[in-house]
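Input: a single structure, listed below in structure tokens.
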Amino acid sequence: DAGVTQSPTHLIKTRGQHVTLRCSPISGHKSVSWYQQVLGQGPQFIFQYYEKEERGRGNFPDRFSARQFPNYSSELNVNALLLGDSALYLCASSRFSRETQYFGPGTRLLVL
Amino acid sequence: KNEVEQSPQNLTAQEGEFITINCSYSVGISALHWLQQHPGGGIVSLFMLSSGKKKHGRLIATINIQEKHSSLHITASHPRDSAVYICAVLTGNQFYFGTGTSLTVIP
Numbered sequence: 107d108a109g110v111t112q113s114p115t116h117l118i119k120t121r122g123q124h125v126t127l128r129c130s131p132i133s134g135h136k137s138v139s140w141y142q143q144v145l146g147q148g149p150q151f152i153f154q155y156y157e158k159e160e161r162g163r164g165n166f167p168d169r170f171s172a173r174q175f176p177n178y179s180s181e182l183n184v185n186a187l188l189l190g191d192s193a194l195y196l197c198a199s200s201r202f203s204r205e206t207q208y209f210g211p212g213t214r215l216l217v218l
Numbered sequence: 408k409n410e411v412e413q414s415p416q417n418l419t420a421q422e423g424e425f426i427t428i429n430c431s432y433s434v435g436i437s438a439l440h441w442l443q444q445h446p447g448g449g450i451v452s453l454f455m456l457s458s459g460k461k462k463h464g465r466l467i468a469t470i471n472i473q474e475k476h477s478s479l480h481i482t483a484s485h486p487r488d489s490a491v492y493i494c495a496v497l498t499g500n501q502f503y504f505g506t507g508t509s510l511t512v513i514p
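Take a look at the structure:
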């Protein structure tokens, strides 16, 4: 089985732009979570979705939004990008919302 | 104050040494995860614990719910164990992460 996949792998944007990151979970997994990891720090929880509904939200501004599709894939959207949004964005999937998570390789976002 | 604290922040060991990484948390949790992150960013989930002890190969994870403390042990450490080890706790539907312990195992 394929693992969690994310696209794109790398992305460069400028301040004020919008970005969409994509995640495909492991087949059979219904829960997807998004994390932001700034260089040198641990990951920070952004969102968790289960069965297309938001089940958890971290302490991030409304510029961050996400959704989960009927095939359980997910998108993370960030509007009005700031320099501080530069980070590794990680997606993780699990069968249910409180099980072991399997992480994707991440998307490296650089905001200039 | 962080909800999850790890110690030590950095650790250098000789190959073959027994290693312990500690995690303390301040919130009520339903589960605790130990994660391994290699240079380049890839994260692997090592353990998910809600009580007691788990063992996988040379890795052992324990948790004491009353003391809000968990430890990750690596027996017979090897250079390929060099990575950042992150403790994460699940409370409600939110995860809180420690800042990680950077482990370097020298041959």
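So the sequences go chain by chain: A and B. When we follow this note's numbering, the leftmost residue of the first sequence carries the number 107, and every step to the right adds one. When we follow this note's numbering, the leftmost residue of the second sequence carries the number 408, and every step to the right adds one. We put the CB at the ideal spot given by N, CA and C, even for glycine.
Against chain B, the CB of R161(A) has a partner CB under 8 Å away; the residue lies at that interface. Taking a contact to require three or more Cβ pairs closer than 8 Å, the region 408-422 of chain B and the region 158-169 of chain A do not qualify as touching. In this structure I428(B) does not touch S489(B) by the C-beta definition: roughly 13 Å separates them, more than the 8 Å allowed. As DSSP reads the structure, F202(A) sits in no beta bridge. The DSSP-derived three-state label of R465(B) is coil.
Excluding its 5 nearest sequence neighbours in each direction, E424(B) has C-beta neighbours in its own chain below 6 Å: S484, listed in chain order.
Closest in alpha carbon position to S431(B), among G505(B), S509(B), V512(B), is G505(B).
For G190(A), the secondary structure class from DSSP, reduced to helix, strand or coil, is helix.
In the DSSP assignment, F454(B) falls within the unbroken beta strand (DSSP E) covering 450-456.
Among the residues facing chain B, Q150(A) is included, as its CB has a counterpart in that chain under 8 Å away. Following the DSSP letters along the chain, one finds H135(A) in no beta strand (DSSP E), marked with neither H nor E.
For Y178(A), no beta strand (DSSP E) run applies, since DSSP gives it neither H nor E.
A Cβ-Cβ distance of about 7 Å is found for the pair L215(A) and K119(A), placing them in contact under the 8 Å criterion. Taking a Cβ-Cβ cut-off of 9 Å, P176(A) has no neighbours in chain B, whose nearest Cβ is about 21 Å from it. Just so you know, the alpha carbons of V496(B) and H116(A) end up roughly 28 Å apart. Scanning N500(B), I426(B), M455(B) for the CA closest to the CA of I513(B) turns up I426(B).
Taking CB atoms only, G134(A) has no neighbour in chain B less than 8 Å away.
Identification of residues in the region 491-511 of chain B having a C-beta nearer than 9 Å to some C-beta of chain A yields V491, I493, C494, A495, L497, G499, N500, Q501, F502, Y503, F504, G505, T506, G507, given in sequence order.
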